[in-house]
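One structure is given below, encoded as structure tokens.
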Amino acid sequence: MIENNSVKTDVLIVGGGVAGLAFSIHLADLVARHNESATRKLPINILLVEKGASLGSHSLSGAVVNPSTLKALLPGVEIKDLPFETPVTRDEFYRLTSKTAIKMPFAPPFMSNKGNFVTSAGKIARYLGEIAEKKGVQVYPGFSAEELLYENGRVVGAKMVDTGVSKEGKPMDNYQAGTKVLARLVILAEGSRGSLAKKFIQKHKLQGLNPQVYSTGVKELWEVPEGAFEPGRVIHTLGYPFSFNHFGGGFIYGMTKRTVALGIAAALDYKDPTFDPHAALQLYKKHPRIAKILEKGRILKYGAKTIPEGGLYSLPKLFHDSVMIVGDSAGFLSMPGLKGIHLAIESGMLSAKAAFEAFLKNDFSSEQLKRYEDLFRESPGYKDLYRVRNFRAGFANGMILGAFHFGTQIVTGGRGITPSGKMKIHEDAACYTPLSDVKRPFNKKYEKDLSYDKKLTYDKVTDVFYSGSKHDEEQPCHCHVHDLNLCRDVCIPKYGAPCQYFCPADVYEVVTDPKTGKKDIHLHPANCVHCKTCDIKDPFGNVEWAVPYGGDGPEYDNL
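Using this note's numbering, the letters of the sequence shown correspond one by one to residues 176 to 734.
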């Protein structure tokens, strides 16, 4: 038995985003209702750990939210009291060239935002956190869970990160071993590319029918003059600065009378090793239509995160002995509307119901927790994902062919023209073309356009300042490069070190030895905004992102 430096609870939730918080609230409600009349009470303790300094500090989304599941989670709360900024009042779609913007006459299928609300994921997380604590959930921000604990082959909890460790990995005078939290049930709610979920899925071979694929979303929050962009106005764009071979788009949301959120989402199955999501956002802001909105404004916040886009066929098995996976960690996101918050909440509620039934039976086996998957297959969320099950795979070879596939999927109920009914998709890291074979690399194509005036456009380091990101710089590097020789001898010559481009925070820098002319990789982990693009897009799987000390990282507020 594990005894030293440990605490015990019934349920451990790893991650304080909307999925984990929805789970905690719904389970607390189910237990409370049961205990009101039942002879045998269920005294269940629920404990949640969040690696951010506070709830919401690592939450980033668009966000235009379908309110249906939030209303189901909180049935006694009126819509006006939910954590929304404003209802969507105008819903517009544009096709951009570098200079023009052509308005589409109607919303593309599955992308209408009628009845939705503009807000931020962080605002929802803070709101749900207050409710969870009132219901008795123990919420601990500032704690990073670095590994799952096993006993006799079964998960029995998770261990927090050791602190007071030097860069070389040696204990210092202030060393403190990470607390072990022992639990009968563990909920993995870490968000996109969750570290524990990734390893757990690999260890137990829980992968979906397709690999998960991602976009990197890069976002800024701006203050603009009143009247520049009205609250509730929602714009989505296709085209510039993306090529026809690259799936991606942009957005602008009116948050309040004087704040707008804008950003781009860039699919990570691109082939050009020099594509740079941060640079793409700066180019996007220079478009005449966008620049006019931001004129006389100022940047407030910056952030980035990855978005799991694979859809239904990329979902892993959602359960195993003593463990369930929820929200972005599992890949609950509906394309093409990039809607994930309502599905995260629904997955939290469905897993909470399965957990409640498991506690009633005192059975946390895989056979019992399969109830979670059964409930999901009967849910509106499953229907939502099923009808667009092949959407993202259809765009794997560019926008033109993707539009054709999407059209066939619409008329065939999502099947498309694939004989099996399931389109294949490849891992993002496998999609690169050698740099020498790229005819017009992104960094050369837009070299003259990528100047940073620090009024409209910003370099990566300046934007990192606006993310609020900070780390204890004495700790071991949490961006692990396993083999620097592979970087020097293979990756740099073949691909030109794509890490220097795909990282939106300038963590990876290529340096040249003035004597030998040899190139090497130098890391700046303190810049990291925890998007985890490096863990996904490195062509050799040579980079592994791990959690740093609890409380480190960005401070996103209302991103």
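We treat Cβ as the ideally placed atom computed from N, Cα and C, and that holds for glycine.
- T272 sits in coil when the DSSP states are folded into three classes, being neither helix nor strand.
- The C-alpha of A228 lies about 33 Å from the C-alpha of I465.
- Shortest Cα-Cα distance from E365 to any of E225, G392 and E649 involves E225.
- The alpha-carbon separation between L222 and E308 amounts to approximately 10 Å.
- The Cβ neighbour count for I520, taken over all protein chains shown within 10 Å, is at least 16; the residue is labelled buried.
- Going by beta carbons, I306 and I200 fall inside the 9 Å limit.
- A contact is defined here as three or more CB-CB pairs under 8 Å, and the region 325-333 fails this definition with respect to the region 194-211.
- In the three-state reduction of the DSSP assignment, A436 falls in the strand class, which pools E and B.
- When the beta-carbon positions are compared, S212 and Y731 stay at least 9 Å from each other.
- Contact annotation: the region 234-247 touches the region 500-520, with at least three C-beta pairs closer than 8 Å.
- At a Cβ-Cβ threshold of 9 Å, L493 and S540 do not count as neighbours.
- In the structure shown, Q387 adopts coil according to DSSP, grouped into three states.
- Within 10 angstroms of the beta-carbon of T708 lie 16 or more other beta-carbons, which makes it buried.
- Just so you know, the alpha carbons of G402 and D624 end up roughly 29 Å apart.
- Assignment of C606 by DSSP, reduced to helix, strand and coil, places it in the helix class.
- The shortest C-alpha to C-alpha distance from L245 to any of Y633, A300, A529 and V186 is the one to A300.
- In this structure, F419 sits near M574, with a CB-CB distance shorter than 9 Å.
- With a cutoff of 9 Å on beta-carbon distance, L257 and Y302 are scored as near each other.
- Between V682 and L698, the CB-CB gap stays under 9 Å.
- According to the DSSP assignment, Y724 belongs to no alpha helix (DSSP H), since it is labelled neither H nor E.
- Excluding sequence positions up to five before and after P714, its CB lies within less than 7 Å of the CB of A604, Y607, C666, Y670 and P673, all in the same chain and listed in chain order.
- Secondary structure note for T708: it is in no beta strand (DSSP E), and the uninterrupted alpha helix (DSSP H) holding it is T708 to K712.
- Counting only the Cα atoms, G231 lies some 27 Å from S287.
- Restricting attention to L396, Y459 and D447, the CA atom closest to the CA of K476 is found in L396.
- Per DSSP, reduced to three states, the secondary structure at C674 is helical.
- Per the coordinates, the alpha-carbon of P218 lies some 56 Å from the alpha-carbon of K471.
- By the neighbour-count criterion, in which a residue is buried when 16 or more other Cβ atoms sit within 10 angstroms of its Cβ, F281 is exposed.
- Residue nearest to K342 within the set E648, K378, Q584 and V686 is E648 (criterion: CA-CA distance).
- Across the structure, Y488 and T214 are spaced so that their CA atoms are roughly 43 Å apart.
- With a threshold of 16 other beta carbon atoms within 10 Å, P250 falls short and is exposed.
- With the rule of 3 Cβ pairs closer than 8 Å, the region 578-590 counts as touching the region 554-570.
- About 6 Å separates the CB atoms of Y621 and L458; that is less than 8 Å, so the two are in contact.
- For K289, the closest of L469, K274, V263 and K298 by C-alpha to C-alpha distance is V263.
- Check the Cα spacing between G725 and each of G190, M524 and K183: the tightest is with G190.
- Rounded to whole angstroms, the separation of the alpha carbons of R408 and E267 is 8 Å.
- For A320, the uninterrupted beta strand (DSSP E) run begins and ends at A320 to E326, by DSSP.
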